[in-house]
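This note's numbering numbers the first residue of the sequence shown as 20 and each following residue consecutively.
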Amino acid sequence: MGEERQLLQALQQRVDHLERLLEGLQDAIHRDSIRLEQRMAELERKTDPDVVAKALSEDARRRGI
């Protein structure tokens, strides 16, 4: 019985460790997902036709074109 108990404790420790690893992976994926969403939103904002047209117009004015 003692050997079985040790095996169960070892397995429980392994499961606990794997759960912590999985939670860390989930957190990392979530942070990366948020970062990518923010980056995409910024790129979409920068490439909005109105924003691009305004930037080109301001650049042309500065250059005297």
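Each residue gets a CB set at the ideal place from its N, CA and C atoms; glycine is no exception. Just so you know, these numbers come straight off a predicted model, no measurement behind them.
Collapsing the DSSP output to three states places G83 in coil. For D46, the enclosing alpha helix (DSSP H) begins and ends at G21 to K65. When the five nearest sequence neighbours on each side are left out, no beta carbon in the same chain lies closer than 7 Å to the beta carbon of Q57. Across the structure, L26 and E42 are spaced so that their CA atoms are roughly 24 Å apart.
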